[in-house]
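**Q**
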Ligand code: NAD
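Numbering (the numbering used here), first residue to last: 3 to 355.
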């Protein structure tokens, strides 16, 4: 029986590598979805998956998402991702990371690794000892991810309320971690009113003190009567049950894979809630990592991130025009770029200083 080619998330992945090493205990999967526009770039997630099937499903979904994210953002990159099966607090050690680096190196630059949940910048520095195909070693991309999300919220407010400013716009931010807190700061500076939640108290106290935010319990964030719901914690928070509870006009936040499934984008559309596709609005992170990896001039980084505003406005306008969901439109644009754009033929190695 084939577990890969018939997998529901397979979607014509170009290459999937199962990595195993008895000495270090490494068990990992590297998924390269598509390299037509350039080498695949994506984070390495370390998580104690309940089963190998869960790990495979996760890596396939995530790497496909990276293909779409890079394509719609106009980056000369493909989509890839990797997962290490294990508890990052207990099972992670240098020898395991170095072995992972060897597997990545063996792919000759078809996959460039970066940090993700369960891995850190320091881990990437360890990985760099055994491969040059690693990005995200020198800086935290979160402020730029937040900036992109802020631009996306502005585009959604423009489309929905025909307003260019955010003065008095009410935003509920779920998760005030690295991205969520930066986003809340930008929104506060722009005159928006904030409702925030988190599972930890410390960032909430800070948000209340410094940003005049109203703190709510994690479970009640979906019930706030505000203009924008910004998910900045974890994935799959938008499902049948939460969609019914939302009392907002816009969903626009940083989290990856916000929708439990594709049907949720239809349900949001039917409820008249404008949804900013996650892989479009949170692309500030991959843009930053790509700038660092290729040694590009940082001066144009903010300009590139700010283009998320125009991309989303186009998606919202087309979705209205064709009465389709914003996800359908975003997917169409990304697929068209994949088909139309010439094969760059760029090799990851050619970018390494
Ligand atoms: P983070 O871990 O720094 O922040 C997440 C915050 O959410 C934490 O403060 C955590 O306590 C909180 N949280 C967790 N579960 C919660 C719950 N049930 N209710 C409320 N709060 C909860 O992570 P981050 O780097 O800020 O990333 C946030 C999201 O954005 C993630 O989904 C990530 O995949 C996505 N993302 C991040 C980047 C980036 O540059 N960091 C780029 C693209 C996408």
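Positions of the beta carbon are idealized from the N, C-alpha and C atoms, including for glycine.
1) Kindly indicate which three-state DSSP category residue 33 falls into: helix, strand or coil?
2) Where residue 285 and residue 260 are concerned, what is the direct C-alpha to C-alpha distance, given to the nearest angstrom?
3) Counting beta carbon pairs with one atom in the stretch 53 to 62 and one in the stretch 97 to 114, are three or more of them shorter than 8 Å?
4) Helix, strand or coil for residue 176, going by three-state DSSP, please let me know.
5) Is residue 104 helix, strand or coil by DSSP?
6) At which residues does the beta strand (DSSP E) containing residue 291 begin and terminate?
7) Helix, strand or coil: which one does DSSP assign to residue 86?
8) If you draw a straight line from the C-alpha of residue 233 to the C-alpha of residue 314, how long is it?
9) Candidates 199, 193, 135, 102: which alpha carbon is nearest residue 183's?
10) Give the range of the alpha helix (DSSP H) segment to which residue 2 is assigned.
11) Nearer than 7 Å: is that true of the beta carbon of residue 176 relative to any heavy atom of the ligand NAD?
12) Terminal residues of the continuous beta strand (DSSP E) containing residue 225?
13) For residue 342, count neighbouring C-beta atoms within 10 Å of its own C-beta (all shown protein chains included) and say buried if the count is 16 or more, exposed if not.
14) So what does DSSP say about residue 234, is it helix, strand or coil?
15) How should residue 20 be labelled, buried or exposed, when 16 other C-beta atoms within 10 angstroms of its C-beta is the threshold for buried?
16) List, from N- to C-terminal side, the alpha helix (DSSP H) runs of 4 residues or more that fit wholly inside the stretch 145 to 209.
17) Give a single yes or no on whether residue 302 has its beta carbon closer than 7 Å to a heavy atom of the ligand NAD.
18) Can you find at least 3 beta carbon pairs, one from the stretch 326 to 340 and one from the stretch 298 to 309, that sit closer than 8 Å?
19) Okay, do the stretch 133 to 151 and the stretch 194 to 209 touch, 3+ Cβ pairs below 8 Å being the bar?
20) For residue 72, does the count of other Cβ atoms within 10 angstroms reach 16, so buried, or fall short, so exposed?
21) Whole angstroms is fine: what's the gap from residue 38's alpha carbon to residue 15's?
**A** Once the coordinates are examined:
1) Looking up residue 33 in the chain shown gives position 31. Of the three classes helix, strand and coil, the one that applies to residue 33 here is strand, per DSSP.
2) Your numbering for residue 285 matches position 283 in the chain shown. Your numbering for residue 260 matches position 258 in the chain shown. Roughly 14 Å between the two C-alpha positions.
3) Because the criterion of three Cβ pairs below 8 Å is not met, the stretch 97 to 114 and the stretch 53 to 62 do not touch.
4) Sequence index remark: in the chain shown, residue 176 carries index 174 (1-based). Note: residue 176 maps to strand in three-state DSSP.
5) What you label residue 104 is simply residue 102 of the chain shown in a count that begins at 1. If DSSP states are grouped into helix, strand and coil, residue 104 belongs with the helices.
6) On the chain shown, position 289 is the one that residue 291 refers to. Boundaries around residue 291 are those of the alpha helix (DSSP H), 286 to 296, since no beta strand (DSSP E) includes it.
7) Along the chain shown, read from residue 1 onward, the residue named residue 86 stands at position 84. Secondary structure of residue 86 (DSSP, three-state): strand.
8) Translated into positions along the chain shown, residue 233 becomes position 231. Translated into positions along the chain shown, residue 314 becomes position 312. Going by the C-alpha atoms only, they are around 17 Å apart.
9) Along the chain shown, read from residue 1 onward, the residue named residue 183 stands at position 181. When C-alpha distances from residue 183 are compared across 199, 193, 135, 102, the shortest belongs to 199.
10) Residue 2 cannot be examined here, being either before or after the span of the chain that is shown, 3 to 355.
11) Taking the chain shown and counting its residues from 1, the one referred to as residue 176 is at position 174. Yes, the beta carbon of residue 176 sits closer than 7 Å to at least one heavy atom of the ligand NAD.
12) The residue you call residue 225 lines up with position 223 of the chain shown. In this chain, residue 225 is not harboured by any beta strand (DSSP E), its DSSP state being neither H nor E.
13) Taking the chain shown and counting its residues from 1, the one referred to as residue 342 is at position 340. Exposure of residue 342 is indicated by the presence of fewer than 16 other C-beta atoms within 10 angstroms of its C-beta.
14) Sequence index remark: in the chain shown, residue 234 carries index 232 (1-based). In the three-state reduction of the DSSP assignment, residue 234 falls in the coil class, being assigned neither a helical nor a strand state.
15) Numbered from its first residue, the chain shown carries residue 20 at position 18. Under this definition residue 20 is an exposed residue.
16) If only uninterrupted alpha helix (DSSP H) runs of at least 4 residues are considered, those enclosed by the stretch 145 to 209 are 180 to 191.
17) For the purposes of this step, residue 302 is taken as the residue at position 300 of the chain shown. Outside the cutoff, so no.
18) With the rule of 3 Cβ pairs closer than 8 Å, the stretch 326 to 340 does not count as touching the stretch 298 to 309.
19) No, the stretch 133 to 151 is not in contact with the stretch 194 to 209.
20) Reading the chain shown from its first residue, position 70 is the one you call residue 72. By the neighbour-count rule (16 or more Cβ atoms within 10 Å), residue 72 is buried.
21) As a working mapping, residue 38 is identified with position 36 in the chain shown. As a working mapping, residue 15 is identified with position 13 in the chain shown. In a straight line, the C-alpha of residue 38 is about 12 Å away from that of residue 15.
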